[in-house]
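S.K.:
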Amino acid sequence: MAERRAVVTIASMLLTILLWRVMRRVEHRSLWGMVGVALLASIPVSMTYAGINHIAFYVYEPTVAVIKELDGYRAKTLSELQIRFMMISYQAAEWYYFIVTWTMLYIAVSYATKVRRAERTAAAYRAEAQSAHIRALRYQINPHFLFNTLNSLSTLVLRAHTDEADKMIVNLSTFFRTSLTTDPDSDVPLADEIRMQQLYLDIERVRFPDRLVVAIDVPAELASVRVPSLILQPLVENALKYGVAASSAKVTIAIKASIDGGNVKIVVEDDAKADPSRKHSSSGTGVGLENVRARLAARFQGRATCTFGPRPEGGYRVELTVPRFSDL
Amino acid sequence: MVDRRILKVLIVDGEPLAIERLQILCAKIEGVSLVGTAADGAAALRLIEALSPDVVLLDIQMPGIDGMAAARALAGRAAHPAVIFVTAFDQFAVAAFDVAATDYLMKPVAADRLEKALTRVRTDVAAPSGQKPAATTHWIRDFWVPNRGEIVRVAAGEIDFIAAERDYMRLHVGARSYLLHETIAELERRLDPEIFVRIHRSTIVRRGSIASFAHDGAGVWEAQLKTGPKLRVGRSYLANARAIAGKA
Chain A
30 MAERRAVVTI ASMLLTILLW RVMRRVEHRS LWGMVGVALL ASIPVSMTYA GINHIAFYVY
90 EPTVAVIKEL DGYRAKTLSE LQIRFMMISY QAAEWYYFIV TWTMLYIAVS YATKVRRAER
150 TAAAYRAEAQ SAHIRALRYQ INPHFLFNTL NSLSTLVLRA HTDEADKMIV NLSTFFRTSL
210 TTDPDSDVPL ADEIRMQQLY LDIERVRFPD RLVVAIDVPA ELASVRVPSL ILQPLVENAL
270 KYGVAASSAK VTIAIKASID GGNVKIVVED DAKADPSRKH SSSGTGVGLE NVRARLAARF
330 QGRATCTFGP RPEGGYRVEL TVPRFSDL
Chain B
131 MVDRRILKVL IVDGEPLAIE RLQILCAKIE GVSLVGTAAD GAAALRLIEA LSPDVVLLDI
191 QMPGIDGMAA ARALAGRAAH PAVIFVTAFD QFAVAAFDVA ATDYLMKPVA ADRLEKALTR
251 VRTDVAAPSG QKPAATTHWI RDFWVPNRGE IVRVAAGEID FIAAERDYMR LHVGARSYLL
311 HETIAELERR LDPEIFVRIH RSTIVRRGSI ASFAHDGAGV WEAQLKTGPK LRVGRSYLAN
371 ARAIAGKA
């Protein structure tokens, strides 16, 4: 008797494992989809279980009580097949509810886990997006830039250089309007981002008329590549702050883009002669570059890179790679 | 008593247009003579040596030796010009208490504000050298702190107490307070111990502002300030408090 019970128990365990594997396969479906599969899959499982149970207790060396029970049915002029089918069906129906209940419990637990996991992922993403948002906002208004520009502008006015002053006011307005109306979490076409930096550098050229040279090389085919808005701003700002403003010689700031496999490589570099203070000011540079790195990570999840360092021939170089075709 | 002597001014700024602006403004002020301009700290120090100006209008952000570093280098010299800092933007007080600045101006500098600063230089020059704060005293005499878009002077003697606030120190002056980017250890080291006393891991109090000490029975002592606030005395600073209470 004990052996038979053991066989039935092992068989039911195997059936449960089978059902579990089926349910795991449909875990990605909607809640109602999973319930549907559970209701259907429980039918063959309960049938099979009832079949095995029947063979173990009613076919294989039946006990005296069982033989009596069977004889009782036979007396009601039912065929052997009808009797067996009836008994198995009864038992299957009984067990069906039990198995469905078990499966529903499984769905409830796995669904709760799924919800919790989704919540955690969403929270982590929200936190990352929020800090990226704050970092991006930081580049919308740089007070140093604003007040230094107003200062230069005031000089142009005092000197009655009205055309230059007017041009600078228009550039400054366009720059601020564009950066303030751009959603800091959004992507922009590379062409727009470059135009923005061009505008910024045009303003800075008035501040450093004899020292700043700008070289931009972006192929037309890369104009529509999407990048996070103002992602180049800290790089250009750094080149200006540690390259141009920190040097009394002429400095070229170059912005270049090129195709690199499935990626686009964007380089911002300057050729300021070796300035010993630049290494010491790496902490200042570091914050800006870390922000860029974190924003790229939040946006492209490891499919973008940011590398930087001094150039052997003098100056500094920052290289970004972003996917050429990114999903939105 | 205002000195009628011509003030010799040196302008130091990294940007040509910024220099030009101050030149134009200075030209409109009577009794001021521009003796030179420099684009970085190193050039400024050379020109100060050569021209011995009375006052330097010094930009803080500059290539190489910045304005703050140049002013520090000056502080070590026997005779040095008055320093007026000119800056575009400062979110927190600059740690400039080791530099005797006459004033802080924000760019773009308003003409009357520049004139006021230069008048202050004259008053300082006219003052007897005994009152003139020399670099000889190690203790901080005043702080320059941002306040509503300006940088204002707060004399150390006006401060009631200083409390640590995350990475910053908050200077409490009556009902006002200002944030300073500095550590409490550095402030404790640089404030005259005759005037200030540390009573907690995160609090320094001006002795003169303490009204009394009281304890709540559970061994916790508090300093009652004349201006109202009660400040907790840290266990390891009880000796400091006792010394004051004994004196009072």
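Protein chains in written order, with our numbering: chain A, 30 to 357; chain B, 131 to 378. All C-beta atoms in this analysis are idealised placements derived from N, C-alpha and C, irrespective of residue type, glycine included.
(1) Beta carbons nearer than 8 Å to chain A: which residues of the segment 136–151 of chain B have them?
(2) For residue 160 of chain A, would you say it is in contact with chain B, using Cβ-to-Cβ distances shorter than 9 Å as the test?
(3) Of the choices B:338, B:342 and B:153, whose alpha-carbon is the least far from that of residue 245 of chain B?
(4) Alpha carbons only, please: which of A:321, A:72 and A:62 is nearest the one belonging to residue 45 of chain A?
(5) Closer than 8 Å by C-beta to residue 210 of chain B: which residues in its own chain qualify, once you throw out the five before and the five after it? Chain order, please.
(6) Determine, using beta-carbon pairs with one atom in the segment 252–262 of chain A and one in the segment 211–224 of chain A, whether at least three such pairs fall under 8 Å.
(7) Do you know how far the Cα of residue 287 of chain B is from the Cα of residue 156 of chain B?
(8) Where does the unbroken alpha helix (DSSP H) through residue 49 of chain A begin, and where does it stop?
(9) Can you name the residues that DSSP bridges to residue 127 of chain A?
(10) Kindly indicate the opening and closing residues of the beta strand (DSSP E) around residue 277 of chain B.
(11) Can you tell me whether residue 278 of chain A is buried or exposed, with buried defined as 16 or more other CB within 10 angstroms of its CB?
(12) Using the three-state DSSP reduction, which class does residue 186 of chain A fall into: helix, strand or coil?
(13) Within 9 Å (strictly less), CB to CB, does residue 176 of chain A reach chain B?
(14) Report all residues from its chain with a CB closer than 8 Å to the CB of residue 95 of chain A; omit the five preceding and five following residues, and keep chain order.
(15) To the nearest angstrom, how far is it from the Cα of residue 282 of chain A to the Cα of residue 266 of chain A?
(16) Taking the alpha-carbon positions, what's the residue 135 of chain B to residue 322 of chain B distance?
(17) Measure the alpha-carbon distance for residue 33 of chain A versus residue 80 of chain A and round it to whole angstroms.
(18) Which residues in chain B have a C-beta closer than 7 Å to the C-beta of residue 236 of chain A? List them in chain order.
(19) What number of angstroms, rounded off, separates the C-alpha of residue 325 of chain B from the C-alpha of residue 290 of chain B?
(20) Would you please state the rounded distance, in angstroms, between the beta carbons of residue 361 of chain B and residue 329 of chain B? I believe it to be under 8 Å.
(21) Determine the closest residue to residue 90 of chain A out of A:177, A:209 and A:30, with distance taken between C-alpha atoms.
(22) Between residue 346 of chain B and residue 270 of chain B, what straight-line distance do the alpha-carbon atoms span, to the nearest angstrom?
(23) Start and end of the alpha helix (DSSP H) containing residue 269 of chain B?
(24) CB-CB under 8 Å to residue 177 of chain A, same chain, minus the five flanking residues each way: which ones, in chain order?
(25) Roughly how many angstroms lie between the CA atoms of residue 228 of chain A and residue 213 of chain B, to the nearest whole one?
(26) Just the Cα atoms here: how many angstroms apart are residue 143 of chain B and residue 291 of chain A?
(27) Given a threshold of 16 other Cβ atoms within 10 Å of its Cβ, counted over all protein chains shown, does residue 159 of chain A qualify as buried or as exposed?
(28) Distance check for residue 298 of chain B and residue 180 of chain B, CA to CA, integer angstroms please.
(29) Nearest CA to the CA of residue 359 of chain A: which residue from A:83, A:133, A:124 and A:97?
(30) May I ask you to list the residues that DSSP assigns as paired with residue 207 of chain A?
(31) Count the other CB atoms within 10 Å of the CB of residue 184 of chain B; is the residue buried (16 or more) or exposed (fewer)?
(32) Can you confirm whether residue 371 of chain B, when its beta carbon is compared against all beta carbons of chain A, has any partner nearer than 9 Å?
(33) Taking the runs of the beta strand (DSSP E) that are 3 residues or longer, which of them lie wholly in the segment 169–225 of chain B?
(34) Is there a C-beta anywhere in chain B that falls below 9 Å from the one on residue 341 of chain A?
(35) Roughly how many angstroms lie between the CA atoms of residue 262 of chain A and residue 162 of chain B, to the nearest whole one?
(36) Just to confirm the assignment, what range does the alpha helix (DSSP H) spanning residue 97 of chain A have?
M.R.: Answer, in terms of the structure:
(1) 144, 145, 146, 147, 148, 150 and 151
(2) Not closer than 9 Å to any Cβ of chain B, the Cβ of residue 160 of chain A fails to qualify, so no.
(3) B:153
(4) A:72
(5) 178 and 204
(6) yes
(7) Distance between the alpha carbons of residue 156 of chain B and residue 287 of chain B: 34 Å.
(8) Its alpha helix (DSSP H) spans residues 31–54.
(9) None; residue 127 of chain A has no bridge partner.
(10) 272–277
(11) Result: exposed.
(12) helix
(13) Cβ-Cβ to chain B under 9 Å: yes for residue 176 of chain A.
(14) So the list reads 86 and 87, once near-sequence residues are dropped.
(15) 10 Å
(16) 36 Å
(17) 14 Å
(18) 145 and 147
(19) 11 Å
(20) 6 Å
(21) A:30
(22) Those two C-alpha atoms are separated by around 34 Å.
(23) It is not in any alpha helix (DSSP H) - residue 269 of chain B carries neither H nor E in the DSSP assignment.
(24) 236
(25) Spanning the two alpha carbons is a distance of roughly 35 Å.
(26) 46 Å
(27) By the neighbour-count rule (16 or more Cβ atoms within 10 Å), residue 159 of chain A is not buried but exposed.
(28) 40 Å
(29) With chain A represented from 30 up to 357, any question about residue 359 of chain A goes unanswered, as that position is not in the structure.
(30) The bridge partners DSSP lists for residue 207 of chain A come to none.
(31) buried
(32) no
(33) 185–189 and 212–217
(34) The beta carbon of residue 341 of chain A sits no closer than 9 Å to any beta carbon of chain B.
(35) 41 Å
(36) Looking at the DSSP string, the run of the alpha helix (DSSP H) that includes residue 97 of chain A is 93–104.
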